[in-house]
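What follows is a set of notes on a single structure, which appears directly below.
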Amino acid sequence: MEKSTDIEEASLLDMVFSWSFSDIRNKNLYKDKMKRIPEVFSSTTDYTSAFKIPLAEETREGVCSGMESVGHAPACEISNIHMYAYNQASNPLQCYISTRKITGFSVAHYEPKPGDLIVISVRKPRRIEDLNDQLSGKPIILALVVRPITTTDDSDKTQFQLSREVDPELLSRLANKRVRLFATYLVNLTPNLRIWEALNPYPQGFSMDLALKVLKPNFHTAEDCSICVSVGNFVAVDSRVRGEIEPFKLDKSQKAAVLSVHLMRRCTHQKDSVKLIWGPPGTGKTKTAASLLFSLLKSRCRTLVCAPTNIAVLQVAKRLMGLLLQSEYITYGLGDVLLFGNRERMKVDDHDELLNVFLDNRAEVLSTCLSPTTGWTHSLISMIALLEDPEKEYKLYLQNRGGSSLLSWLSSWIWKPQVKDSEILSLEEFLKERFYSNDEHLAFLTKNLYTNLPTSFITLDVVKKMIRLLDLLKELREARARIDHDQIFRIKKIEILKILNSLPKQFFHPILSCSGIPDTQLIKDFCLQNSYLIFCTASSAVKMKTTLAPVEMLVIDEAAQLKECESLIPFQVPGLKNVVLIGDEKQLPAMVQSKVAGYADFGRSLFERLAKLGKKKHLLKIQYRMHPSISLFPNKEFYGKQIIDAPNVKEKAYCKRFLQGDMYGTYSFINVRGEENFDKGYSPRNLVEAAVVNEIVAKLFKGYCTSGQKVSVGIISPYKGQVGLIQEQIGKKYAKYKDTGFSVSVRSVDGFQGGEEDVIIISSVRSNENGEIGFLSNHQRTNAALTRARYCLWVVGNGTTLTNSRSVWMKLVISAKNRGCFYNAEKDKDLNRAMTAGTDVAESLSGKLSGIKLRDGYGDSSSVSRPEGEKKVP
Numbered sequence: 001m002e003k004s005t006d007i008e009e010a011s012l013l014d015m016v017f018s019w020s021f022s023d024i025r026n027k028n029l030y031k032d033k034m035k036r037i038p039e040v041f042s043s044t045t046d047y048t049s050a051f052k053i054p055l056a057e058e059t060r061e062g063v064c065s066g067m068e069s070v071g072h073a074p075a076c077e078i079s080n081i082h083m084y085a086y087n088q089a090s091n092p093l094q095c096y097i098s099t100r101k102i103t104g105f106s107v108a109h110y111e112p113k114p115g116d117l118i119v120i121s122v123r124k125p126r127r128i129e130d131l132n133d134q135l136s137g138k139p140i141i142l143a144l145v146v147r148p149i150t151t152t153d154d155s156d157k158t159q160f161q162l163s164r165e166v167d168p169e170l171l172s173r174l175a176n177k178r179v180r181l182f183a184t185y186l187v188n189l190t191p192n193l194r195i196w197e198a199l200n201p202y203p204q205g206f207s208m209d210l211a212l213k214v215l216k217p218n219f220h221t222a223e224d225c226s227i228c229v230s231v232g233n234f235v236a237v238d239s240r241v242r243g244e245i246e247p248f249k250l251d252k253s254q255k256a257a258v259l260s261v262h263l264m265r266r267c268t269h270q271k272d273s274v275k276l277i278w279g280p281p282g283t284g285k286t287k288t289a290a291s292l293l294f295s296l297l298k299s300r301c302r303t304l305v306c307a308p309t310n311i312a313v314l315q316v317a318k319r320l321m322g323l324l325l326q327s328e329y330i331t332y333g334l335g336d337v338l339l340f341g342n343r344e345r346m347k348v349d350d351h352d353e354l355l356n357v358f359l360d361n362r363a364e365v366l367s368t369c370l371s372p373t374t375g376w377t378h379s380l381i382s383m384i385a386l387l388e389d390p391e392k393e394y395k396l397y398l399q400n401r402g403g404s405s406l407l408s409w410l411s412s413w414i415w416k417p418q419v420k421d422s423e424i425l426s427l428e429e430f431l432k433e434r435f436y437s438n439d440e441h442l443a444f445l446t447k448n449l450y451t452n453l454p455t456s457f458i459t460l461d462v463v464k465k466m467i468r469l470l471d472l473l474k475e476l477r478e479a480r481a482r483i484d485h486d487q488i489f490r491i492k493k494i495e496i497l498k499i500l501n502s503l504p505k506q507f508f509h510p511i512l513s514c515s516g517i518p519d520t521q522l523i524k525d526f527c528l529q530n531s532y533l534i535f536c537t538a539s540s541a542v543k544m545k546t547t548l549a550p551v552e553m554l555v556i557d558e559a560a561q562l563k564e565c566e567s568l569i570p571f572q573v574p575g576l577k578n579v580v581l582i583g584d585e586k587q588l589p590a591m592v593q594s595k596v597a598g599y600a601d602f603g604r605s606l607f608e609r610l611a612k613l614g615k616k617k618h619l620l621k622i623q624y625r626m627h628p629s630i631s632l633f634p635n636k637e638f639y640g641k642q643i644i645d646a647p648n649v650k651e652k653a654y655c656k657r658f659l660q661g662d663m664y665g666t667y668s669f670i671n672v673r674g675e676e677n678f679d680k681g682y683s684p685r686n687l688v689e690a691a692v693v694n695e696i697v698a699k700l701f702k703g704y705c706t707s708g709q710k711v712s713v714g715i716i717s718p719y720k721g722q723v724g725l726i727q728e729q730i731g732k733k734y735a736k737y738k739d740t741g742f743s744v745s746v747r748s749v750d751g752f753q754g755g756e757e758d759v760i761i762i763s764s765v766r767s768n769e770n771g772e773i774g775f776l777s778n779h780q781r782t783n784a785a786l787t788r789a790r791y792c793l794w795v796v797g798n799g800t801t802l803t804n805s806r807s808v809w810m811k812l813v814i815s816a817k818n819r820g821c822f823y824n825a826e827k828d829k830d831l832n833r834a835m836t837a838g839t840d841v842a843e844s845l846s847g848k849l850s851g852i853k854l855r856d857g858y859g860d861s862s863s864v865s866r867p868e869g870e871k872k873v874p
């Protein structure tokens, strides 16, 4: 394939397939073409074009990163390749590939997933250089997984699109088992391919109406429409919505955020249809989002709810489910809520409360309910027939005992009495036996119908009858062993029959009323069309672009972590009128792997851009997480003292001490003069700090064992090298105490975004004479780290290095000293002993590394907007 040069005309996949091995490794491939993404745009074409080169560069960096890790990547062996299309512009090169597990290699088995980019090679690559010139000096063969193929012989076959045709001679040798071919995973391109599609909408201009409103935003209007307020629209919205959200006990700023969204929905005067809800740490952002979604659901506002990651989607969906399950009718109404996505990546099976709203589960359940032989209609009619005319059913039973008819055989197949073959039941025995053999299945179908059907297809009156039916069936089953059961059965039977006759035999919809079992995809489409609240990642929202039912409202949670170009995917869902962005641009932004794309502001979110341009943000003002001693610095430094400490964190009981000594109060900076080193690659570590952290955790555990006071401990470091070091030292030492009240979690700053623990210990790592701290100086990363603790925050670091850095960390050290919260670690004899041991190890390593120039490295592998790339230490 010829190399694509016109980035406006080529598809993203065409570009990937056109790259040579050296192109993929060239970090400056697009540097000369890269321009900083502007803050305002003149047209939709100008808007979408601004992101294309950065996206291409970010994709190249992702492929390159996959190649650099190829030695440890999952792989499989190719047993057969069947070519069925040729490399033409209108018909890309396609093939079927059969795979099997590799023998003789200790790598994870690769199972192809749609969107995966793989490399095909004649040897299992152990390092990136093995990919170059593998196939007779020709360019490497890349392949994109299109979809798995279902076969009758259970063989493992997958459809692929190839970057170039495989040499026929090589295929012949493969067929004759004279050569081995391997497929090795590099990266999944699905998110980037979807973004590219959103940047190239077809037909041109399709569903870009809402995007036009964020090109040159008009911020001269007030946050809430003055006309709506003056004519009383706000009052009308206020009274209704307040009643719906009153049980959730929102504070004033949270309530105002919810009400302002409803006012925006009703307003016809303002052209700006995008609202920002600003949720600093601990201010109840997720609670507010869930309350808003609950009220939108009650208002029958068809809403799409997105977030950047599966974890973020699940978090807000679970919070909403907590509100919905407080309903008097429990699961009724869940049919209006839908969650969809990749089951494996979402790990939905680990969240039982979400199974009722997960699309795949719902389709399976409704398929069972719609079965013509065992579904709702059949079960309902059968039970009615049994109770209305048991004599007729009894005659069929007797005929079956004699084996005299096909009908009797069918009757025995549908119902198998739990008695010995030699026994003949009396009429009354038969009635109860048949009834109790079918009642549980009918109860199962009943509950699943009112749980999974959208409320537009099943009314509350019907559900009330169904719930009463379930209660009666339960009462009878519980009374089955009682002496007066026969009398109870005769009485309850009358009411049960009355309810059964009042229930609909079918629910009127082509899918629900068909005589056969509808295709699973048709059921999924039905659910998507008729749900009012739909959850998915922003990337997966591409599936909503084909929905026939328009979506009125888009709510994006964690919006400050979503690249603006990725937000264009849900923005193009048909029918959108209003958008709510919920987030905090003062915390971590979206992930960007490429430093070149990072310099172009590729990681900037729409939330951040609008905020920079002056778009008014509705601030959630009260924080409920941090002790005031902890919130003091970030509130002043990052939020201009706009955040108020809630009454609960100011109570005396909120001041908890887990260790004795001033050093271990609610907030402290513990000064450690360690030495940074890069002995295991490009990410710095600090063995002395790690030893100190390990000792503090040991002291906390000892205190827990003595007092029984439960405590959760979080250890945060910006550098993955330090995270790995501390994880190695702590290991699984405390794992078995997690359920009894002592837990330890060691993660990067990125990994702790959105999390919280009782005690947070931060290891800042950097320790040098020049005050060089690299990307540690990033305000967003610092803010995220400093705002995870509830009761105690202890920062471990080199005060001199951080002060000399002239960064936000200098301010933090100075603030700690001014507040009397700065302590030298050697003042604690246990920490001093740990420092000595750590120093000995560090000096030993220092001797091995003498002569090597140490440089700042990357942080966590999911870090964002990183500095200059670093080479691993030889």
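Residue numbering for the sequence shown follows full-length UniProt numbering, beginning at 1 and increasing consecutively. Backbone N, C-alpha and C define an ideal beta-carbon position, used for all residues, glycine too.
* To do: Please report the Cβ distance between residue 344 and residue 318, rounded to the nearest whole angstrom; I am assuming they are in contact, meaning their Cβ atoms lie under 8 Å.
  => The residue given as residue 344 occupies position 344 in the sequence shown. The residue given as residue 318 occupies position 318 in the sequence shown. The Cβ separation is near 18 Å, so there is no contact.
* Of the listed residues 761, 38 and 392, nearest to residue 663 (C-alpha basis) -> In the sequence shown, the residue the question calls residue 663 occupies position 663. Checking every option, the nearest Cα to that of residue 663 belongs to 761.
* Three-state class that DSSP yields for residue 535 in the structure shown -> In the sequence shown, the residue the question calls residue 535 occupies position 535. In this structure, residue 535 counts as strand in the three-state DSSP scheme.
* Touching or not, the stretch 736 to 755 and the stretch 707 to 716, by the rule of three or more beta carbon pairs under 8 Å? -> yes
* Rounded to whole angstroms, how far is the Cβ of residue 531 from the Cβ of residue 338, which I believe are closer than 8 Å? -> The residue you call residue 531 lines up with position 531 of the sequence shown. The residue you call residue 338 lines up with position 338 of the sequence shown. The pair is a contact, with the Cβ atoms about 4 Å apart (cut-off 8 Å).
* Expected contact under 8 Å - CB spacing of residue 78 and residue 182 to nearest Å -> Locating residue 78 in the sequence shown gives position 78, where the first residue counts as 1. Locating residue 182 in the sequence shown gives position 182, where the first residue counts as 1. 7 Å between Cβ atoms; contact.
* To do: Identify whether residue 757 lies in helix, strand or coil by the three-state DSSP scheme.
  => By one-based count along the sequence shown, residue 757 stands at place 757. In the structure shown, residue 757 sits in a strand (DSSP, three-state: E or B).
* To do: Give a yes or no on whether the C-beta atoms belonging to residue 537 and residue 307 are separated by under 8 Å.
  => Working through the sequence shown from its first residue, we reach residue 537 at position 537. Working through the sequence shown from its first residue, we reach residue 307 at position 307. Their beta carbons are under 8 Å apart, which means residue 537 touches residue 307 by this criterion.
* Touching by the beta-carbon criterion (3+ pairs, under 8 Å), the stretch 184 to 193 and the stretch 40 to 53 -> no
* Do residue 823 and residue 656 have their CB atoms nearer than 8 Å? -> Your numbering for residue 823 matches position 823 in the sequence shown. Your numbering for residue 656 matches position 656 in the sequence shown. Not in contact: residue 823 and residue 656 (Cβ atoms no closer than 8 Å).
* Can residue 505 and residue 380 be called in contact, C-beta distance under 8 Å? -> One-based indexing of the sequence shown puts residue 505 at position 505. One-based indexing of the sequence shown puts residue 380 at position 380. Cβ atoms of residue 505 and residue 380: closer than 8 Å.
* To do: Would you identify the three-state DSSP class for residue 28, choosing helix, strand or coil?
  => The count along the sequence shown starts at 1 and reaches residue 28 at position 28. DSSP places residue 28 in coil when its eight states are reduced to three.
* Quick one: does residue 600 have its CB under 8 Å from some CB of chain D? -> Looking for chain D here will not work: only one protein chain is present.
* **Start-to-end residues for the alpha helix (DSSP H) that takes in residue 818** => Counting from one through the sequence shown, the residue named residue 818 turns up at place 818. First-last of the alpha helix (DSSP H) with residue 818: 808 to 818.
* Between the Cα of residue 56 and those of 593, 427 and 309, spot the shortest distance and give me the residue it belongs to. => As a position in the sequence shown, residue 56 is number 56, starting the count at 1. Comparing Cα positions, the closest option is 593.
* May I have the straight-line CA-CA distance separating residue 20 from residue 529, to the nearest angstrom? => Start at 1 with the first residue of the sequence shown, and residue 20 comes out as number 20. Start at 1 with the first residue of the sequence shown, and residue 529 comes out as number 529. Between residue 20 and residue 529, the C-alpha separation is close to 44 Å.
* To do: In angstroms with no decimal places, state the Cα-to-Cα distance between residue 697 and residue 628.
  => To locate residue 697, count along the sequence shown from 1; it is residue 697. To locate residue 628, count along the sequence shown from 1; it is residue 628. Using only the alpha carbons, I get a separation of about 23 Å.
* Relative to the alpha-carbon of residue 330, which residue among 460, 793 and 787 has its alpha-carbon at the smallest distance? -> Numbered from its first residue, the sequence shown carries residue 330 at position 330. Minimum Cα distance to residue 330 is reached at 460.
* Can you tell me the Cα-Cα spacing of residue 42 and residue 216, whole angstroms? -> The residue given as residue 42 occupies position 42 in the sequence shown. The residue given as residue 216 occupies position 216 in the sequence shown. Each residue's Cα considered, the two are about 7 Å apart.
* Asked: What number of angstroms, rounded off, separates the C-alpha of residue 551 from the C-alpha of residue 573?
  -> As a working note, residue 551 is residue 551 in the sequence shown. As a working note, residue 573 is residue 573 in the sequence shown. If I take the Cα positions, the gap works out to 7 Å.
* Mind checking residue 613: buried by the 16 CB within 10 Å criterion, or exposed? -> The residue labelled residue 613 in the question sits at position 613 within the sequence shown. Looking at its Cβ environment, which holds fewer than 16 other Cβ atoms inside 10 Å, residue 613 is exposed.
* To do: Would you check if the distance between the CB atom of residue 166 and the CB atom of residue 81 is smaller than 8 Å?
  => Here residue 166 is taken as the residue at index 166 of the sequence shown, counted from 1. Here residue 81 is taken as the residue at index 81 of the sequence shown, counted from 1. It is a contact, given that the beta carbons lie within the stated cut-off.
* Secondary structure at residue 109, three-state DSSP: helix, strand or coil? -> Within the sequence shown, residue 109 is the residue found at index 109, counting from 1. Strand, per DSSP.
* What's the call for residue 633, buried or exposed, on a 16-neighbour Cβ count within 10 Å? -> Taking the first residue of the sequence shown as 1, we reach residue 633 at position 633. The residue is buried, with at least 16 neighbouring Cβ atoms inside 10 Å.
* **Coil, strand or helix - residue 786 by DSSP** => Here residue 786 refers to the residue found at position 786 of the sequence shown. Looking at residue 786 - three-state DSSP - the assignment turns out to be helix.
* **Stretch pair the stretch 460 to 475 + the stretch 386 to 399: three plus CB contacts closer than 8 Å** => no
* From 274, 325, 508 and 108, pick the residue whose C-alpha is nearest to that of residue 526; which is it? -> For the purposes of this step, residue 526 is identified with residue 526 of the sequence shown, where counting begins at 1. When only C-alpha atoms are compared, the closest one is 508.
* Asked: Which of helix, strand or coil does DSSP assign to residue 503?
  -> Residue 503 sits at position 503 when you count from the first residue of the sequence shown. Residue state, collapsed to three classes: coil.
* CA-to-CA distance, residue 430 to residue 476, given in whole angstroms -> Along the sequence shown, one-based indexing puts residue 476 at 476. Along the sequence shown, one-based indexing puts residue 430 at 430. Straight-line Cα distance between these residues: approximately 16 Å.
* Can you tell me where the beta strand (DSSP E) with residue 481 in it begins and where it stops? -> The residue labelled residue 481 in the question sits at position 481 within the sequence shown. Element bounds for residue 481: n/a, residue is neither H nor E.
* **Simplified DSSP state of residue 734, which is helix, strand or coil** => Counted from its first residue, the sequence shown places residue 734 at position 734. The answer is coil: DSSP assigns residue 734 none of H, G, I, E or B.
* Check whether the Cβ atoms of residue 562 and residue 288 sit closer than 8 Å, and answer yes or no. => In the sequence shown, counting from the first residue as 1, residue 562 sits at position 562. In the sequence shown, counting from the first residue as 1, residue 288 sits at position 288. No, the Cβ-Cβ distance between residue 562 and residue 288 is not below 8 Å.
* To do: Grab the span of the alpha helix (DSSP H) containing residue 384 for me, first residue to last.
  => Against the sequence shown, residue 384 aligns to sequence position 384. Taken as a continuous stretch (DSSP letters only), the alpha helix (DSSP H) holding residue 384 covers 376 to 388.
* If you draw a straight line from the C-alpha of residue 341 to the C-alpha of residue 555, how long is it? -> To locate residue 341, count along the sequence shown from 1; it is residue 341. To locate residue 555, count along the sequence shown from 1; it is residue 555. So the alpha carbons of these two residues sit roughly 17 Å apart.
* **Collapsed DSSP secondary structure at residue 186 in the structure displayed** => In the sequence shown, residue 186 corresponds to position 186, counting from 1. Reduced to three states, the DSSP call for residue 186 is strand.
* Asked: Who pairs with residue 263 in a beta bridge, going by DSSP?
  -> The residue labelled residue 263 in the question sits at position 263 within the sequence shown. Bridge partners of residue 263: none, in fact.
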